[in-house]
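Student: Residue numbers (our numbering): 12 to 847. C-beta atoms are modelled at their ideal positions from N, C-alpha and C, and glycine is treated no differently. In this text the structure is predicted, and so the values were computed from the model without any measurement.
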Amino acid sequence: MINPIDFGIKGLTDEEVKSSGKKYGKNSLSYKKENGFLDALKSIAQEPMLILLMVASSIYFITGNNGDGIFMVVAIILVASISLYQDSKSRMALEKLKNLTQPNSQVIRNGLVVEISSDELVVGDSLMVEEGNTIPADGTIVHSNDFSVNESILTGESFSVFKDASKLDNKIFGGTTVASGLAIATITDVGNSTKLGKIGKSLESIEEERTPLEQQISNFVKHMSIWGGIIFLLVWGINYLQTREILESLLKALTLAMSVLPEEIPVAFTTFMALGAYRLMKMGIVVKQMKTVETLGSATVICTDKTGTITQNKMKLAKLFTLDTGEIVSANAPLNTYQKELVTIAMWASEPIPFDPMEKALHEAYGSIASVDQRPNYKMIHEYPLSGKPPMMTHLFENSAGNRIIAAKGAPEALLESSNLTDAQKKQITDVLNNLGQEGYRMLGVGQADLKGFDFPEKQQDFQFEFKGLVAFYDPPKENIRQVLKDFDKAGIQVKLVTGDNPATSMAIAKQIDFPGYEKSMTGEELMKLQDGELQHKVMETQIFTRMFPEAKLRIVNAIKANKEIVAMTGDGVNDGPALKASHIGIAMGKKGTEIAKQAASLILVDDDLSKMVDAIAMGRKIYGNLKKAIQYIISIHIPIILTVFIPLALGWAYPAIFSPSHVILLELIMGPTCSIIYENEPMEKNTMIQKPRPFTTTFFNFKELITSIVQGLVITMGSLSVYQYAVYEGYNESLTRTMVFMVLISSNIFLTLINRSFLYSIWTTLKYKNNLVPLIIGITLILSALLLYMPPFTRFFQFEALSGGQLGISVVVGIVSVLWYEIVKMVKRAKGKLR
Numbered sequence: 012m013i014n015p016i017d018f019g020i021k022g023l024t025d026e027e028v029k030s031s032g033k034k035y036g037k038n039s040l041s042y043k044k045e046n047g048f049l050d051a052l053k054s055i056a057q058e059p060m061l062i063l064l065m066v067a068s069s070i071y072f073i074t075g076n077n078g079d080g081i082f083m084v085v086a087i088i089l090v091a092s093i094s095l096y097q098d099s100k101s102r103m104a105l106e107k108l109k110n111l112t113q114p115n116s117q118v119i120r121n122g123l124v125v126e127i128s129s130d131e132l133v134v135g136d137s138l139m140v141e142e143g144n145t146i147p148a149d150g151t152i153v154h155s156n157d158f159s160v161n162e163s164i165l166t167g168e169s170f171s172v173f174k175d176a177s178k179l180d181n182k183i184f185g186g187t188t189v190a191s192g193l194a195i196a197t198i199t200d201v202g203n204s205t206k207l208g209k210i211g212k213s214l215e216s217i218e219e220e221r222t223p224l225e226q227q228i229s230n231f232v233k234h235m236s237i238w239g240g241i242i243f244l245l246v247w248g249i250n251y252l253q254t255r256e257i258l259e260s261l262l263k264a265l266t267l268a269m270s271v272l273p274e275e276i277p278v279a280f281t282t283f284m285a286l287g288a289y290r291l292m293k294m295g296i297v298v299k300q301m302k303t304v305e306t307l308g309s310a311t312v313i314c315t316d317k318t319g320t321i322t323q324n325k326m327k328l329a330k331l332f333t334l335d336t337g338e339i340v341s342a343n344a345p346l347n348t349y350q351k352e353l354v355t356i357a358m359w360a361s362e363p364i365p366f367d368p369m370e371k372a373l374h375e376a377y378g379s380i381a382s383v384d385q386r387p388n389y390k391m392i393h394e395y396p397l398s399g400k401p402p403m404m405t406h407l408f409e410n411s412a413g414n415r416i417i418a419a420k421g422a423p424e425a426l427l428e429s430s431n432l433t434d435a436q437k438k439q440i441t442d443v444l445n446n447l448g449q450e451g452y453r454m455l456g457v458g459q460a461d462l463k464g465f466d467f468p469e470k471q472q473d474f475q476f477e478f479k480g481l482v483a484f485y486d487p488p489k490e491n492i493r494q495v496l497k498d499f500d501k502a503g504i505q506v507k508l509v510t511g512d513n514p515a516t517s518m519a520i521a522k523q524i525d526f527p528g529y530e531k532s533m534t535g536e537e538l539m540k541l542q543d544g545e546l547q548h549k550v551m552e553t554q555i556f557t558r559m560f561p562e563a564k565l566r567i568v569n570a571i572k573a574n575k576e577i578v579a580m581t582g583d584g585v586n587d588g589p590a591l592k593a594s595h596i597g598i599a600m601g602k603k604g605t606e607i608a609k610q611a612a613s614l615i616l617v618d619d620d621l622s623k624m625v626d627a628i629a630m631g632r633k634i635y636g637n638l639k640k641a642i643q644y645i646i647s648i649h650i651p652i653i654l655t656v657f658i659p660l661a662l663g664w665a666y667p668a669i670f671s672p673s674h675v676i677l678l679e680l681i682m683g684p685t686c687s688i689i690y691e692n693e694p695m696e697k698n699t700m701i702q703k704p705r706p707f708t709t710t711f712f713n714f715k716e717l718i719t720s721i722v723q724g725l726v727i728t729m730g731s732l733s734v735y736q737y738a739v740y741e742g743y744n745e746s747l748t749r750t751m752v753f754m755v756l757i758s759s760n761i762f763l764t765l766i767n768r769s770f771l772y773s774i775w776t777t778l779k780y781k782n783n784l785v786p787l788i789i790g791i792t793l794i795l796s797a798l799l800l801y802m803p804p805f806t807r808f809f810q811f812e813a814l815s816g817g818q819l820g821i822s823v824v825v826g827i828v829s830v831l832w833y834e835i836v837k838m839v840k841r842a843k844g845k846l847r
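1) For Ala329 and Ala344, what's the separation of their Cα atoms in angstroms?
2) What's the call for Ala842, buried or exposed, on a 16-neighbour Cβ count within 10 Å?
3) Are the CB atoms of Val380 and Lys420 nearer to each other than 8 angstroms?
4) Is there contact between the stretch 295-310 and the stretch 623-635, where contact requires at least three CB pairs shorter than 8 angstroms?
5) Measuring CA to CA, which of Leu717, Gly663, Ile774 and Ser622 is closest to Met294?
6) Looking at Gly604: is its Cβ nearer than 8 angstroms to the Cβ of Ile615?
7) Which runs of the beta strand (DSSP E) fall wholly inside the stretch 718-803 and span at least 3 residues, in chain order?
8) Looking at chain C, is there any beta carbon in it that lies within less than 8 angstroms of the beta carbon of Glu259?
9) Given this structure, state the Cα-to-Cα distance separating Val160 from Pro589, to the nearest angstrom.
10) Starting from Lys531 and walking both ways along the beta strand (DSSP E), at which residues does that stretch end?
11) Run through the stretch 308-360 for me and flag every whole alpha helix (DSSP H) of 4 or more residues, listed as ranges in chain order.
12) Indicate the three-state DSSP secondary structure (helix, strand or coil) for Gln547 in the structure shown.
13) Quick one: Cα of Tyr251 to Cα of Thr764, how far?
14) Closest to Asp157 by C-alpha separation, out of Gly185, Val189, Ser137 and Ala148, would be which residue?
15) I believe Leu132 touches Pro147 by the beta-carbon criterion, under 8 angstroms. Please report the beta-carbon distance rounded to the nearest angstrom.
16) Is the beta carbon of Ala376 sitting closer than 8 angstroms to the one on Met326?
17) Can you pull the DSSP bridge partners for Val155?
18) Pick out whichever of Ile648, Lys639 and Leu732 has its Cα sitting closest to the Cα of Pro667.
19) In whole angstroms, give me the CA-to-CA distance for Thr254 and Val656.
20) For Phe408, which three-state DSSP category applies?
21) Do Ala357 and Val457 come within 8 angstroms of each other at the CB atom, strictly closer than that value?
22) Give the DSSP bridge partners of Gln810, in chain order.
23) Across which residues does DSSP place Thr145 in a beta bridge pair?
24) Between the stretch 496-506 and the stretch 524-544, do three or more beta carbon pairs fall short of 8 angstroms?
25) Per DSSP, which one or two residues make a beta bridge with Val482?
26) Could you check what DSSP says for Gly287 in three-state terms: helix, strand or coil?
27) Would you kindly work out how many angstroms separate the C-alpha atoms of Asp461 and Ala563, rounded to a whole number?
28) Return the CA-CA distance between Gln472 and Leu397, expressed in angstroms with no decimal places.
29) Taking the Cβ atom as the reference point for each residue, do Ile727 and Ser759 lie within a distance shorter than 8 angstroms?
30) Beta carbon of Ile195, beta carbon of Ser137: below 8 angstroms?
31) For Glu218, count the other beta carbons within 10 Å of its own beta carbon; 16 or more makes it buried, fewer makes it exposed. Which is it?
32) Once you ignore the five residues that flank Thr207 on each side, which residues in its own chain have a CB closer than 6 angstroms to its CB?
33) Which of helix, strand or coil does DSSP assign to Pro488?
34) With distances taken Cα to Cα, identify the nearest neighbour of Val830 among Leu784, Lys781, Phe808 and Ile761.
35) Terminal residues of the continuous beta strand (DSSP E) containing Met391?
36) Smallest Cα separation from Ile276: which of Leu245, Val246 and Met235?
Structural data, given as C-alpha cells:
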C-alpha cells in the first residue's frame, strides 16, 4: 500500500515539535475565559433559599438570638457547600465528556503516521485529512487526491471547493470540513492565529435551547416560588396584625417560605443528567449534550446502517468475476492473467492513499500479486470523484513514458450503464450480481477506458468503458447482533436497516441475522418517487432501505418523525450528516465515523458496537425513572412540612410556631442528599426494558403521578398533625409536642425513601436492590435524630425534649404507617399485572 512517506513527506521530529510549540503555541482557541467556581458561587448566591437563610440569620442576630443566628450561618455554609459539591461533580463529568469528544488528528512525525489530539498540532506539522474530517488548523496542501472542502463556516457558501497543491487556492482552514478525498497539508497557523480564531466564531458560544423537561421543571419551581411568595406575604401580614411584632412575624413567614421552596428539584435534575452522561461515557457511549440523556428513554425507532454497525467492517476481498472468463473465483485462489488484471484496474480506480476499507483491501491484494509494484511510477493526472446515482469514480494515471491508465469502479449498475455490453453480457453480469448478492457479498463493478490527449469529458459517465468484471467483498455480521435485535424488540423499539448497498446483499445479510421484516425492502429511487403522505405510511411498514443517498435518508427520518415517533439514526459518513442532525438521537461511530458525522450526532459509540445503544436506552430510561422518583419524593415530603408549619399558624392552635426556620432547614438538609444522592444511585428496575418507550411529549408531572405524591404528602401531614393534637390532648408542653411531630416527619421521611424506590415492586423487593448509599444516608439520619433527642446541647438548642420509649414509639409508628399504606396500592397494581 502507498504510504505518505513515499511522497517524500517525513514530517517534524520531536525536537522540532517542541520548538514550534514554544514559538507559536498549541492549537487551541483561548479567547473565551470562564471561571466555573466563581460562576457557580454567583449562581448559588442568587438562590431564593440562600437569600431566605441570610434574612433569617440577620433577624436572629438583630433580636439578640445569636445561637440561632450562628446555626443559620452554618446552614448557609452547608447548603452552599452541598450545591458547590453537586455543581463540581456535574462540571467534572461534563469536562471529561468534553475532553473525550475533542477530535484527534493524523499527522506525519519522525517519518511515521501518528494520531494526536487536535490541540497538540503545531505549526509545521504535516497533517493528513480525509473525507468527513473537520480541519483542525490552517495549512498549505502539499499532496491531495479527489480533495474538496466545504468552507460554509467561513464563507457562508454551502457548495464544496476543490483544492490541490498545484492550484492557486491550495490553502485549508480550521473549522471547515472535508467533503471528499484526502490531502496532506503543512500547518501554517494554529489556535487564535487561524482564520476561524481571528473571526472569533466558536461552537462553544452557541447557547443550547432548554429541553421540554427542563422547561417543565423550571415552570414547576417558578410556580412553587410564586405561591411561596404569596403565602409568605399573607402569613407575615396576618401575624403582624395579631402581634404588631415586625421581626417575629417575619421569622414565622420566612419559616413557611422555606418549607414551600422546592430548591432540590433543579439541583437533582442537573446532577442526574450530568452524572448520567458520565456513567454512559464509562460504558463507551459519549453523550455530547446532556439533553440526549433525557431523550434516550423515549426512542421508538432506530435506523441503523449495515457496514460496521450490523457487520464487522472487515471488508475482505472474497470473490472475483471476470467477463473475459465468465468465472467466479475465490480471491485467495491462484489467479490467472484476467483476474490479476481485474484486481490491478480496481486498485488504480482507488485512491492512491486509501482510507476506505474496500480500497485498502484492493491495494493489499494488488501488493500481493504484482511482480513489480507500478504505483510509484505513475502520477494521477485527472480524477472524477465519487458521483452519480448509483455512484462511481474514475482515476487517470500516466507514467513518464506517456503510458496511461483510465480506471473506474463503483456500483455495478453505474458501470453497466457506461459500458458497451451486449444484452447477453448484461444478463450474465446481472445473474452473477444476484447470486453473489444473495450470499451477502458487497460488489463493485470495474471498468477501463482509453483516451488520448487531454480533452477529458465533463462527466465520467461519458467515457466508453470496457467492463472488466466484479470484485466482491464479504463483511460478516457481528456475533452479538442477533441478541441486540431481540433486546430492541423486547424494549418495544423498531429497527430499520438503512444502507447504500444493493438490495440482494442487504436482504441476504438481514436474513442471516434474523432481522425482523427482512423481506420488505425499498430502494432510494423508489422512496424519492413517493409523496410525503404515502411515504409516511410506507416508512413504518418497510424494514430495509437500500441504495440510500443523503436526500433519501433525510426523508426517511422526517417521515418517521411525522408519525410522532422518536427516531435514533446511526451513521459514520459525510452523507449521513443531514439525517443524523435531523433525527432526535444522532448516533455516530467512534472508530469508523467521520468528524462530520460525530459533529452532527448527539452521541458517539466509541467501539462502534450497537449493543451499547441497548445499554444507552436502558440508562436513559433508568435516569428518567429515578429522577421521577426523586422529584415525587421531594413533592411528597414538602407537603407535610408546609402544612405542619401553616395549619397551626393559620388556625391558631395551641403552639402556632411549632417549627422555626432552624427546624425547617434541618429537615431540608436531611432531604437534599436523599433525593439527589440515593435516587441518582438507584439500579434499574427489572421491568424497565420490557416497557414501551415513554412518549416524548408526555409531561413529566402527569396527573396520576402528581396525585400519588400529593396523597402521600397529605397522609403524612395527617399523621404529623394527629400526633400534634395527641400531644396537646395529653397536656405535653410545646418542646415535647415539637419533638414528637419532628420525629413523625423524620421516620416518615426514612420510610418514604424506601417505599418510593419503586412504585410497583414491594419494599421487600427494593431492599434487595444494590445501593450502598441507602444504609449510609439512613444511618446518618438516625444518628442525627439520636443526637437531637438525647444530647442535651442539641436538644436545648433546637428546643426539643428527650422522648420516653412510648412517646418515641408513637411518633415512629405513626410516621411508618402514614407511608406504608402505599404498599397496598403497589400490591393491587401487581395483581392487575401492570408490569409493562
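Tutor: In short, the structure shows the following:
1) Rounded to whole angstroms, Ala329 to Ala344 spans 10 angstroms at the Cα level.
2) Exposed, since its Cβ has fewer than 16 Cβ neighbours within 10 Å.
3) First, the residue type needs correcting, since residue 380 is Ile and not Val in the sequence shown. Not a contact, by the Cβ cut-off of 8 angstroms.
4) Output reads yes: the stretch 623-635 touches the stretch 295-310.
5) Checking every option, the nearest Cα to that of Met294 belongs to Ser622.
6) Closer than 8 angstroms, so yes.
7) Here no run is fully enclosed.
8) Considering every chain present, this structure includes no chain C. It has just one protein chain.
9) Here the alpha carbon of Val160 sits roughly 17 angstroms from the alpha carbon of Pro589.
10) Under the DSSP assignment, Lys531 falls outside any beta strand (DSSP E); it carries neither an H nor an E label.
11) Complete alpha helix (DSSP H) runs here, min 4: 348-359.
12) In the structure shown, Gln547 sits in a helix (DSSP, three-state: H, G or I).
13) Straight across, the Cα-Cα distance linking Tyr251 with Thr764 is about 38 angstroms.
14) Ranking Gly185, Val189, Ser137 and Ala148 by CA distance to the CA of Asp157 puts Val189 first.
15) Between Pro147 and Leu132 the Cβ distance is about 6 angstroms, and since that is below 8 angstroms, they are a contact.
16) Not closer than 8 angstroms, so no.
17) Just to set this straight, residue 155 is Ser in the shown sequence, not Val. Ser155 is bridged by DSSP to Ala194.
18) Comparing Cα-Cα distances from Pro667 to each of Ile648, Lys639 and Leu732, the minimum goes to Leu732.
19) Roughly 18 angstroms separates the two Cα atoms.
20) Reduced to three states, the DSSP call for Phe408 is strand.
21) If you check the CB distance, Val457 and Ala357 come in under 8 angstroms.
22) Answer is none; Gln810 lacks a bridge partner.
23) Checking the DSSP bridge columns, you'll see Thr145 partnered with Thr188.
24) In this structure the stretch 496-506 lies against the stretch 524-544, because at least three pairs of beta carbons, one per stretch, are closer than 8 angstroms.
25) Per DSSP, the beta bridge partners of Val482 are Leu331 and Leu455.
26) Residue state, collapsed to three classes: helix.
27) Whole-angstrom Cα-Cα distance: 35 angstroms.
28) Note on geometry: alpha-carbon atoms of Gln472 and Leu397 lie some 11 angstroms from one another.
29) Contact flag set, yes.
30) If you check the CB distance, Ile195 and Ser137 come in under 8 angstroms.
31) Summary for Glu218: the model assigns pLDDT 44, below 50, so the residue's position carries little reliability, and this model does not support an answer.
32) Residue identity check: residue 207 is Leu in the sequence provided, not Thr. In its chain, beyond the 5 residues on either side, Gly185 and Gly186 have a beta carbon closer than 6 angstroms to the beta carbon of Leu207.
33) Shown here, Pro488 sits in a strand according to DSSP, grouped into three states.
34) The shortest C-alpha separation from Val830 is found at Ile761.
35) Counting along the chain, Met391 sits inside the beta strand (DSSP E) bounded by residues Tyr389 to Ser398.
36) Selected option, being the one with the closest Cα: Met235.
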